[in-house]
Amino acid sequence: YRIKLECVDQDMVIAFGRYLQQLYNYTPKQTLVQNPRPNQQNYYRLAITRKAIVSDLTQDPLEEEMRGYVAGFFDAEGHTHKSSLTMTQKTLPVLELVHDHILGTLGVPSTIVSKPSWNGYELSISGQANVVKFLTHYQPAIKRKMDIAYLPSQYKQVQKVVRVEELPNPSL
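Sequence positions in the sequence shown follow the numbering used here and run 53 to 224.
What follows is the structure, given as structure tokens:
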């Protein structure tokens with residue numbers, strides 16, 4: 053039983069470690085990992101090895117928690133296109149979890165394809181109706197991802213247009 057959190061943001065790892073300390077009275081091992089790939093950033097790792105905590109953290113999440121997770125995941129890893137949206141990830145099980153939740157909750161089909169050029173995966177949702185359904189259900193926090201020109205007007209973020217005219221110079 054083991055969970056690893058790997059992140060370049062040391063503050064994130066420290067904050068999660070504090071959360072585990074407060075919630076479970078458990079101090080996980082935290083280390084700086086030297087990245088073996090040339091020109092790649094080092095990262096921090098937090099390892100959870102206590103069976104009861106791993107079991108608690110990996111049980112099926114509640115609907116609202118998953119909705120928040122998918123919305124946050126889309127904010128971080130999502131991209132919008134003309135009539136589709138994509139989410140990218142290097143870890144296939146993460147995308148499979150998101151895929152299963154989207155299909156099970158909304159009935160929106162998505163596909164996952166391998167992207168060997170950058171050693172990762174891409175989940176895509178096609179069709180304007182499916183994209184609108186996804187965005188209105190998950191409501192990403194990054195509002196520009198909701199403000200897409202192709203969405204019907206009721207889903208667009210309204211922007212007010214102001215007309216500016218130059219006034220003539222008063223003669224003295």
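Ideal placement from N, C-alpha and C gives every residue a C-beta, glycine not left out. Given the structure is predicted, the values throughout are model-derived calculations rather than measurements.
- Annotation for Ile-105: the continuous alpha helix (DSSP H) segment containing it runs 103–110.
- With 16 or more other CB atoms across the displayed protein chains lying within 10 angstroms of its CB, Ala-123 is buried.
- For the alpha helix (DSSP H) assignment, the uninterrupted runs of no fewer than 4 residues enclosed by the stretch 111–189 are, from N- to C-terminal side, 115–129, 144–158.
- If you draw a 10 Å sphere on the C-beta of Asn-77, you find fewer than 16 other C-beta atoms in it, and that means exposed.
- By alpha-carbon distance to Leu-158, the top candidate from Pro-80, Tyr-95, Leu-114, His-189 is His-189.
- If you draw a straight line from the Cα of His-151 to the Cα of Ser-135, it comes to about 18 Å.
- For Val-85, the enclosing beta strand (DSSP E) has its first and last residue at 81–85.
- Each residue's CA atom was taken as its position, placing Val-60 and Leu-98 some 11 Å apart.
- Per DSSP, reduced to three states, the secondary structure at Tyr-78 is coil, with no helix or strand assignment.
- By a beta-carbon distance limit of 8 Å, Ala-181 does not contact Asp-127. Their separation comes to about 22 Å.
- In chain order, Ile-55 place their CB closer than 8 Å to the CB of Thr-110, counting only its own chain and leaving out the 5 sequence neighbours on each side.
- When the five nearest sequence neighbours on each side are left out, no beta carbon in the same chain lies closer than 7 Å to the beta carbon of Met-64.
- DSSP places Ala-67 within a helical segment (H, G or I) once states are collapsed to three.
- Secondary structure at Arg-89: coil, using DSSP grouped into helix, strand and coil.
- Restricting attention to Leu-84, Ile-100, Ser-176, the CA atom closest to the CA of Asn-94 is found in Leu-84.
- Going by DSSP, Ile-194 is part of no beta strand (DSSP E) at all; its letter is neither H nor E.
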